[in-house]
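Below: one structure, written as structure tokens.
Protein chains: 2
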Amino acid sequence: MDSKNRHELNPRVSADCVIFGFDLNQIKVLLIEREAINGVEQSMALPGDLIFEGENLDTAASRVLYELTGLDEIYLEQVGAFGDPNRLNNPKDQLWLKAVRQNPTERVITIGFFSLVNMNNYEPQPSSFAKSAAWIPLEDIDELAFDHMEILKASFAKLQHKIRIQPIGFNLLPHKFTLSQLHKLYEVILGRELDKRNFRRKMLKLNLVQSLEERQAGVPHKPSQYFVFNEEKYNELILHGFDNFGF
Amino acid sequence: MDSKNRHELNPRVSADCVIFGFDLNQIKVLLIEREAINGVEQSMALPGDLIFEGENLDTAASRVLYELTGLDEIYLEQVGAFGDPNRLNNPKDQLWLKAVRQNPTERVITIGFFSLVNMNNYEPQPSSFAKSAAWIPLEDIDELAFDHMEILKASFAKLQHKIRIQPIGFNLLPHKFTLSQLHKLYEVILGRELDKRNFRRKMLKLNLVQSLEERQAGVPHKPSQYFVFNEEKYNELILHGFDNFGF
DNA sequence: TTCGCAAAGTGTATATTTGACACAAAGCAT
DNA sequence: ATGCTTTGTGTCAAATATACACTTTGCGAA
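These protein sequence lines map, in sequence, to chains A and G. Going letter by letter, the first sequence gives residues 7 to 253 in the working numbering. Going letter by letter, the second sequence gives residues 7 to 253 in the working numbering.
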């Protein structure tokens, strides 16, 4: 440690959320758009806010999520703390900070979270801390404000990892879904093909999904059966030492 | 969110380290001992320190580790941020804070890390922020200062999980070790027996360990062969999509 | 010197899981 | 009636996981 600066840090702390959605075809991320400053177009950013006195870290993240989307009781997981002293130092971000903050040079440490939502439950719209928001395909995102790209990457890595171990993918789907939709979800998250028959065999063997009588209607091909996620069964499996899906 | 208090948080931020060691028999954690205040015995605590201006989170954790143990280049991983507003609220901790801090009620958010060290490389001794330190068996720890028990639990869970995926266990062993030692390490971390022959077969097949000519000496039984960890081989395996050990 | 002790080291047989692969069934549109 | 598109299904071979017991080596005690 270079000891030239041993003043204790006294930063602001924020919570930033990577909100993942799935449109049955690709993974999308809910980003907020910042207005141009002096004609300079600003990068999009993760929704986030400073944490308040007396507020829990998780609570702050839930609040961000709620204020932005109106959604409650959403799957939410902490990814970690991000606090590189240089994280606010790129020119665009400096411009933006000068325009909107009282103290633009103050250090901010952020706690990153990711959450999984059913896209059908929310249509992007302006909110208290975003004039506008939009679902952006994960693939198309190559630049974000501050260190948000790093947070996004860490979040997606965690999602990829965790989906192989816990059945969190269901949070991205409607209440009832087809096995093909679930299959596609796993493929786009894991970034590789999974054999259809093997995928179904595995899923059905675990009994995590329960078939409904209902089938798709109005599709120009054989209609698919609908399924729902069986959470009880999952809890039961855990007790018996269930550990991963084997993907 | 109850909106009675919407002042933005402006806390101190600290880094606390769970330092794991392995004495060839059990997992131990390096804790610091706090002096009794007014005759009240204080719980032990994780080593940690406030983060400085201009200092990276990881750097702060490395510094804590270095100042406590003199060890450098140690395996270190962030576990997450912990910041429950009530985390400093138990009576013993309040007593202690009043005795040692200028501002004992100020909120502190801490970033938890865990690190893995070879116990042979360090003998507990006083340091700049601990009058004394000691290796305590993980099993015996049932109370710690602040929310350090929570950080410890999260850290150990992460260790248990990660050891099945990456060969980080080697950080806990001497440079050269026997397969029995490695086997025992996996057993105590995972908390269950692993069949000796199957364990060896798996490890040897991966080629992650390289046998030396040297064998144990002075033991009252068949002397074991020594091995070293082969990091190159590990990196090679990763490229080929190696993913987990299968434990 | 021999005997006993303690841990090291080794192979096989069985059950389970994975991975590869192709064609019939259903519904709609033309 | 035909064609198009997606659903839904079974088998076989290969790889992996699990269960299990005896010989070897070196030391120390008798």
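Cβ atoms here follow ideal geometry from the backbone N, Cα and C, with glycine treated the same way. Nothing here was measured: the structure is a model prediction, and the numbers come from that model.
Per DSSP, what kind of secondary structure is residue i in: helix, strand or coil?
| i | result |
| --- | --- |
| His-13(A) | coil |
| Met-7(A) | Per-residue confidence for Met-7(A) stands at a pLDDT of 42, beneath the threshold of 50, marking its modelled position as unreliable; the derived number appears in the next sentence. Of the three classes helix, strand and coil, the one that applies to Met-7(A) here is coil, per DSSP. |
| Ser-186(G) | helix |
| Phe-251(A) | coil |
| Ala-21(A) | strand |
| Asp-99(G) | helix |
| Ala-163(G) | helix |
| Asn-204(A) | helix |
| Gly-197(G) | coil |
| Glu-112(A) | coil |
| Leu-260(G) | As shown, chain G starts at 7 and ends at 253. That puts residue 260(G) outside it, with no answer to give. |
| Glu-242(G) | helix |
| Arg-170(A) | coil |
| Arg-93(G) | coil |
| Arg-107(G) | coil |
| Asp-64(A) | helix |
If you count every other CB in all the chains shown that lies within 10 Å of the CB of residue i, and 16 or more means buried, which is it?
| i | result |
| --- | --- |
| Asp-8(G) | With a pLDDT of 44 at Asp-8(G), under the threshold of 50, the modelled position of that residue is not reliable, and the figure given next carries that caveat. Result: exposed. |
| Glu-242(A) | exposed |
| Leu-103(A) | buried |
| Asp-61(A) | Just to set this straight, residue 61(A) is Glu in the shown sequence, not Asp. Classification for Glu-61(A): buried. |
| Asp-148(A) | exposed |
| Leu-84(A) | Checking the displayed sequence, the identity of residue 84(A) turns out to be Gln instead of Leu. With 16 or more Cβ atoms within 10 Å of its Cβ, Gln-84(A) is classed as buried. |
| Ile-171(A) | exposed |
| Pro-17(A) | buried |
| Ile-244(G) | exposed |
| Ile-25(A) | buried |
| Arg-221(A) | exposed |
| Ile-115(A) | buried |
| Ile-174(G) | exposed |
| Pro-53(A) | buried |
| Gly-76(G) | exposed |
| Leu-218(A) | exposed |
| His-13(A) | exposed |
| Gly-86(G) | buried |
| Val-46(A) | exposed |
| Gly-247(G) | exposed |
| Val-225(A) | exposed |
| Gly-27(A) | buried |
| Glu-184(A) | Checking the sequence shown, residue 184(A) turns out to be Thr, not Glu. It is buried - the Cβ of Thr-184(A) has at least 16 other Cβ atoms within 10 Å. |
| Lys-137(G) | exposed |
| Lys-34(A) | buried |
| Val-106(G) | exposed |
Who does residue i pair with in a DSSP beta bridge?
| i | result |
| --- | --- |
| Arg-221(A) | Gln-231(A) |
| Gly-86(G) | Gly-118(G) |
| Phe-58(G) | Glu-14(A) |
| Gly-76(G) | Gly-76(G) pairs with nothing; no bridge assigned. |
| Gln-48(G) | Looking at the DSSP assignment, Gln-48(G) forms no beta bridge with any residue, so it has no partner. |
| Gly-175(A) | DSSP output for Gly-175(A) lists no bridge partner at all. |
| Gln-216(A) | Val-234(A) |
| Lys-34(A) | Gly-27(A) and Pro-143(A) |
| Glu-39(A) | Ser-138(A) |
| Ile-81(G) | Going by the sequence as given, residue 81(G) is Tyr instead of Ile. DSSP lists Leu-122(G) as partners of Tyr-81(G). |
Verify the contact flag: residue i, CB atom, against every heavy atom of the ligand SAM, threshold strictly below 7 Å.
| i | result |
| --- | --- |
| Asp-153(A) | Questions concerning the ligand SAM fall outside what the structure shown contains, since it holds no ligand whatsoever. |
Item to check | Minimum length 4: unbroken alpha helix (DSSP H) runs contained in the stretch 122-151 of chain G | outcome: List check, alpha helix (DSSP H) in window: nothing returned.
Checklist entry - Residues in the stretch 14-41 of chain A with C-beta within 7 Å of chain G's C-beta atoms, listed in sequence order? => result From the stretch 14-41 of chain A, only Glu-14, Leu-15, Asn-16, Pro-17, Arg-18 and Val-19 have a Cβ closer than 7 Å to chain G.
Item to check | Positions along the stretch 82-103 of chain A whose CB lies within less than 7 Å of some CB in chain G | outcome: Gln-84, Gly-86, Ala-87, Gly-89, Asp-90 and Pro-91
Checklist entry - In the stretch 54-65 of chain G, which residues sit with their C-beta less than 8 Å from some C-beta in chain A, listed in chain order? => result Leu-56, Ile-57, Phe-58, Glu-59, Gly-60, Glu-61, Asn-62, Leu-63 and Thr-65
Checklist entry - Quick one, which residues of the stretch 111-129 of chain G are near chain A if we go by CB-CB under 8 Å, in chain order? => result Arg-113, Ile-115 and Ile-117
Checklist entry - In chain order, what residues of the stretch 185-210 of chain G put their CB closer than 8 Å to some CB of chain A? => result none
Item to check | Positions along the stretch 215-241 of chain G whose CB lies within less than 8 Å of some CB in chain A | outcome: Of all residues in the stretch 215-241 of chain G, none has a C-beta nearer than 8 Å to a C-beta of chain A.
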